[in-house]
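One structure is given here, and the rest of the page talks about it.
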Amino acid sequence: MTWTPERLLAHLDELGVATRTVHHRAVFTVEEARTLRHRLPGGHTKSLFLRDKKGRMILATIDADRRADLEAIASQAGTRRLSFGSPRRLDLRLGVVPGAVSPFAVVNDPEGLVPVWLDATLMAHDVVWLHPLDNTMSTSIAPADLVRFLETVGHPPAYLRDE
């Protein structure tokens, strides 16, 4: 059963994770989300649902202002030739639509088929902003709490580093 934003936020609360959720118009791109930044202090992200030629999937979350270097991500993840996963595959694996992708979505991957890779530079922020399974909301979470959450749902993250 696919998690809802309400269930996700309740789970974070049960873990004792401090969050702040803001409702806003739907945003589908980093450029659209840029207009919200003035009221959301902290690190802003973009999450990429990727797959390689063998069908292996990866969820990479990087700083919103960084260029997505798919070759560098592939190299660090031990694969080659990454491309974006289809909306259908995204829905089947993570239960979200394009624009709502974030590390929170791995709650819908109990088999652990989608490893999470986090941009190491995000960890320097006091909080990072992520969509809680819905792109009409953004939720702030401390990086250490994000890691703890990912570990509790069986998706301990790996880290993307500058090469």
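Quick note on numbering: numbering that gives the first Met the number 0 labels position 39 of the sequence shown as 38, and the sequence is numbered without any gaps.
We treat Cβ as the ideally placed atom computed from N, Cα and C, and that holds for glycine.
For residue i, the first and last residue of its enclosing beta strand (DSSP E)
i: His22; result: Thr18 to His22
i: His43; result: Gly42 to Arg50
i: Asp62; result: Met56 to Asp62
i: Ala157; result: Ala157 to Leu159
i: Asp118; result: Val115 to Asp118
i: Ser137; result: Met136 to Ile140
i: Leu129; result: Val127 to Leu129
Supposed contact pair residue j and residue i - C-beta distance, whole angstroms, cut 8 Å
i: Ala63; j: Thr44; result: 6 Å
i: Ala104; j: Leu132; result: 6 Å
i: Thr1; j: Leu11; result: Thr1 to Leu11, Cβ: 17 Å. No contact.
i: Gly84; j: Phe48; result: 4 Å
Residue i and residue j closer than 9 Å at C-beta
i: Thr21; j: Arg147; result: It should be pointed out that residue 21 corresponds to Val in this sequence rather than to Thr. Their beta carbons are not under 9 Å apart, which means Val21 does not touch Arg147 by this criterion.
i: Ile57; j: Val113; result: yes
i: His130; j: Val106; result: no
i: Ser139; j: Leu39; result: yes
i: Leu149; j: Val115; result: yes
i: Arg88; j: Arg50; result: yes
i: Asp144; j: Leu14; result: yes
Other residues of its chain near residue i: CB distance less than 7 Å, five sequence neighbours each side excluded
i: Arg92; result: Met56, Asp108, Leu112 and Val113
i: Thr120; result: Asp62
i: His124; result: Gly41, Gly42 and Pro142
i: Pro155; result: Leu149
8 Å CB neighbourhood of residue i in its chain, flanking five on each side removed
i: Asn134; result: Ala25, Val26, Phe27, Val96, Gly98 and Ala99
i: Leu159; result: Ala59, Ile61, Ala71, Ile72, Gln75, Trp116, Leu117, Asp118 and Ala119
i: Leu7; result: Phe103, Val106, Pro131 and Leu132
i: Met136; result: Pro4, Thr20, Val21, His22, His23 and His130
i: Lys53; result: Thr78
Where the alpha helix (DSSP H) through residue i begins and ends
i: Leu7; result: Pro4 to Glu13
i: Asp90; result: Pro86 to Leu93
i: Ala71; result: Leu69 to Ala76
Cutoff 6 Å; reference residue i; Cβ partners in own chain excluding five residues on either side
i: Gly153; result: Gly111
i: His23; result: Leu35
i: Leu69; result: Leu81
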